[in-house]
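Report on the following structure.
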Amino acid sequence: MKVADIVENYVYHYVYMSPWMYRVTYGEYPMYNSGLARMNDPGPDTEKELATTLLEKDDILSVLFTSSISSDFMDSLKSLDTVVLVLIAAAGCLAFVVVYNLTNINICERQREIATMKVLGFNNREVSNYVFREIFTLTIIGIILGLGLGILLHQMVVGAAEVDMVMFGKNVFAQSYGYSVALTFIFTLLVNFAMYFRLKRISMVESLKSVE
0 MKVADIVENY VYHYVYMSPW MYRVTYGEYP MYNSGLARMN DPGPDTEKEL ATTLLEKDDI
60 LSVLFTSSIS SDFMDSLKSL DTVVLVLIAA AGCLAFVVVY NLTNINICER QREIATMKVL
120 GFNNREVSNY VFREIFTLTI IGIILGLGLG ILLHQMVVGA AEVDMVMFGK NVFAQSYGYS
180 VALTFIFTLL VNFAMYFRLK RISMVESLKS VE
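As structure tokens, this is what we get:
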């Protein structure tokens with residue numbers, strides 16, 4: 000038989016052919032052992048009543064509903080929620096540590112420069128804006144690069160998690176990008192808030208007396 004077309008199917012694998020093609024291939028009429036129906040008023044109560052009625056017949060062995068199949072499949076995927084939460088928490092901690100270390104190194108290496116600005120009359124807010132503006136710029140660059148690379152990483156992770164009998168969707172919703180950007184900015188703001196008090200404690204006299 001020649002394959003005429005390929006369709007996406009997310010659970011299990013199937014081959015579809017017309018009764019005419021079956022007869023031409025096997026030389027006999029197909030024997031049907033299952034039927035597919037669409038309910039006009041789907042719901043748990045209606046499905047239960049229909050299943051009870053159908054199973055009372057001797058020639059019907061089982062009744063399956065797509066809603067129950069979908070529910071069972073989603074229950075099996077709930078185990079992945081913990082893994083996803085752990086990955087998100089680990090990524091958040093990593094982002095916090097990276098931003099904190101960058102800001103800390105920036106302040107330590109430019110301590111004399113910051114002290115000079117204070118001597119020249121810059122207040123703490125102006126000095127903080129001068130330093131933190133660079134951190135925000137680096138954060139924006141990191142977000143742009145991270146979102147682009149994140150799409151590729153998502154495709155790779157989902158493809159590796161797939162099994163032969165189940166196909167996962169590879170769509171990323173817009174709110175996921177929004178959450179990522181928001182969390183990154185929140186971590187940056189927290190680090191800047193903590194480092195603001197360190198900038199205030201920089202001694203102008205001691206910093207200017209130090210040797211580069």
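In terms of numbering that gives the first Met the number 0, the sequence shown is residues 0 to 211.
The beta-carbon is built from N, C-alpha and C at its ideal position, and this holds for glycine as well.
**OP:** Using only alpha-carbon positions, find the residue among LEU86, MET0, THR136, ASN8 that is nearest to MET166.
**Re:** ASN8
Original post:
If you drop the 5 nearest sequence neighbours on each side, which residues of the same chain put their C-beta closer than 6 Å to that of VAL118?
Top reply: MET203
Subject >> Backbone secondary structure at VAL2 - three-state DSSP >> reply: coil
Subject >> Closest residue to PRO29 among ARG37, PRO18, ILE150, MET38 (Cα-Cα distance) >> reply: PRO18
**OP:** Return the CA-CA distance between THR193 and LEU148, expressed in angstroms with no decimal places.
**Re:** Per the sequence shown, residue 193 should be read as Ala rather than Thr. Near 30 Å, if we compare the C-alpha coordinates of LEU148 and ALA193.
Subject >> For GLY145, the first and last residue of its enclosing alpha helix (DSSP H) >> reply: 123 to 160
Subject >> Proximity to TYR129 [Cα-Cα], best of LEU35, ASP40, LEU198 >> reply: LEU198
**OP:** Give the DSSP-derived three-state secondary structure of VAL165 in the structure shown.
**Re:** strand
Subject >> Through-space distance from ILE143 to LEU137, alpha-carbon basis >> reply: 10 Å
**OP:** Consult DSSP for VAL62 and reduce its assignment to one of helix, strand or coil.
**Re:** coil
Original post:
Straight-line CA distance for SER179 to VAL157?
Top reply: 18 Å
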